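Asker: I have a structure here, written as C-alpha cells, and I will follow up with some questions on it.
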C-alpha cells in the first residue's frame with residue numbers, strides 16, 4: 003500500500019501487506035501523464051520493507067515544469083520473474099496521485115455575439131455556425147444544430163430517477179423510491195425569462211418538480227448562458243420542500259443526443275463503471291469507447307455504466323464532430339441506449355431493446371451502491387439525502403478532431 007507524504011517532492015509511505023515476505027520479488031516503476039497523455043516513465047528502486055512494516059522512501063520522477071492541471075503520477079509494482087500464478091511483468095499493486103499544478107482553464111474564445119428571436123412558445127438562439135431552439139412551454143432545449151448537424155434531440159432536464167440495482171431491494175430503499183415514484187415526477191414550468199446580455203444570451207427558468215397530489219416538491223432554477231461560439235454554460239440550483247424519502251436515487255441532468263455521436267471519450271476514472279462508494283480501482287486517465295461498449299449486461303437489468311470524477315466527456319461521430327460536457331470541476335456521467343425506465347421495467351436482458359438515440363446523464367451525485375445484496379446498505383457518508391444543491395455544466399460543440 004502506498005500513500006503520499008509529499009507527492010510533489012516524491013516522498014511516499016510504503017506499507018508491506020505481506021505476512022512473510024519482503025518486496026524483493028517486485029519491481030517498482032513510475033509514469034507521469036498530463037490529462038491522460040504520457041509525459042515520462044521510468045524505473046525506481048523498490049523500497050526494502052519487512053513484512054507488515056511501513057517505511058518512507060523517495061521516488062525520483064520527471065514532471066513538466068510548471069505542472070499543468072490534471073497531471074497524475076502512477077506508481078506500479080510488477081513481478082520480476084514468472085510465478086506459478088502469473089508471468090513476469092504482472093501488476094501486483096499500484097497507486098496514483100494528482101500532482102499539484104495550475105487550475106484548468108475553460109476556453110475563452112468568443113468570436114461573435116449570440117443573438118435571439120423570441121416568440122410565445124419558442125426562443126431561437128443563433129451564433130457562429132449554430133442554431134438552437136428553446137421550448138418555452140417545456141422549458142428545455144428542443145433542437146441544437148451546429149453547422150447543420152444535430153447535437154441534441156432534447157434536454158437537459160433535472161432528473162432524480164435511476165433504475166433500482168440489486169443492492170437497493172434488500173435495503174428496501176428501492177421500495178421507498180417506488181412509492182415516491184421518481185420515475186413520473188411532474189415538471190411544471192413557472193417562469194422563462196430571456197435577456198440579451200450583449201455578447202451572450204441568458205435564459206433563466208424556474209421550475210417545480212414533484213407530484214401534484216402530494217405535498218412535496220423541488221423548486222429548481224436553470225440559468226443558461228449562450229455564447230456566440232456555441233458554448234452553453236448551465237447553472238442548476240434546487241431546493242427540496244415537503245416530505246421526501248430519506249435518500250434520493252440521484253441528482254443530475256438527462257438529455258438525448260443522436261446515435262451517430264457514439265464515440266465516448268472522457269478524462270476521469272475508468273475504464274470501467276464506478277460510483278461514489280465503488281471507484282478506488284478506477285485510475286484517472288483518458289479513455290475512449292463506443293457507446294455499446296459501455297453497456298454492462300447484468301442478468302437482472304438495472305442501473306449501470308456511471309463514471310465518476312470526470313473532468314470532461316465528449317460524444318462524437320466518425321468525423322470527430324459532436325458534443326463536449328465539462329464539469330465544474332467534475333461530474334458523473336453515463337451514456338446508454340436505454341432510458342432509466344427501460345431498465346427499471348425489464349426483467350431479462352432480452353427485454354431490453356436498444357434505442358436509436360443516446361441517453362446522456364450528467365450528474366451531480368448518485369446514492370451509493372452499498373452491498374445490501376449480501377450485507378449492509380451504503381455507508382452514511384455515501385447516501386444522497388434530499389438537500390439544497392447547486393452544480394454547473396459547460397456544453398460545447400466539437401467541430402473537428404483534436405490535433
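Residue numbers (my numbering): 3 to 405.
Note that CB positions come from ideal geometry on N, CA and C, so glycine has one too.
As the structure is a prediction and not an experimental result, all values here were calculated from the model.
1) Within its chain, find whatever has a CB closer than 6 Å to the CB of residue 182; leave out the 5 residues flanking it on each side and keep chain order.
2) For residue 3, does the count of other Cβ atoms within 10 angstroms reach 16, so buried, or fall short, so exposed?
3) Is residue 266 helix, strand or coil when you go by DSSP?
4) How is residue 175 classed by DSSP in three states: helix, strand or coil?
5) DSSP has residue 315 in a bridge; who is on the other side?
6) For residue 252, which option in 265, 347, 384, 324 has the closest C-alpha, if you only look at C-alpha atoms?
7) DSSP has residue 159 in a bridge; who is on the other side?
8) Indicate the three-state DSSP secondary structure (helix, strand or coil) for residue 199 in the structure shown.
9) By the three-class DSSP mapping on this structure, what secondary structure does residue 301 have?
10) With C-beta atoms as the reference, is residue 327 less than 8 Å away from residue 228?
11) Is DSSP giving residue 345 helix, strand or coil here?
12) Residues in its own chain within less than 7 Å of residue 17 by CB, not counting five upstream and five downstream?
13) Among the residues of its own chain, which have a CB less than 7 Å from the CB of residue 2, if the five just before and after it don't count?
14) At which residues does the beta strand (DSSP E) containing residue 80 begin and terminate?
15) Quick one: grab the DSSP three-state call for residue 111.
16) Here's the rule: buried if 16 or more other CB atoms are within 10 angstroms of the residue's CB, otherwise exposed. What is residue 268?
17) Would you tell me roughly how many angstroms separate the C-alpha atoms of residue 155 and residue 75, rounded to the nearest one?
18) Does residue 58 come out as helix, strand or coil in the three-state DSSP assignment?
19) In whole angstroms, give me the CA-to-CA distance for residue 234 and residue 179.
20) Of the residues 22, 263, 237, 189, which one's Cα is nearest the Cα of residue 394?
21) Mind the definition here: the segment 275-285 touches the segment 306-315 only if three or more C-beta pairs lie below 8 Å; say whether that holds.
22) Can at least three beta-carbon pairs, one atom from the segment 88-108 and one from the segment 63-80, be found at a separation below 8 Å?
23) Would you grab the beta carbon distance between residue 401 and residue 148 for me? Rounded to a whole angstrom, and I think it's under 8 Å.
Answerer: The structure says:
1) 247
2) exposed
3) strand
4) helix
5) 268, 327
6) 384
7) 256
8) coil
9) coil
10) no
11) helix
12) 3, 56
13) Residue coverage of the chain in this structure runs from 3 to 405, which leaves residue 2 outside it and unanswerable.
14) 73-81
15) In this predicted model, residue 111 has a pLDDT of only 48, less than 50, meaning its place in the structure is not dependable; the value taken from the coordinates is given anyway. Coil, per DSSP.
16) buried
17) 39 Å
18) strand
19) 32 Å
20) 237
21) yes
22) yes
23) 7 Å
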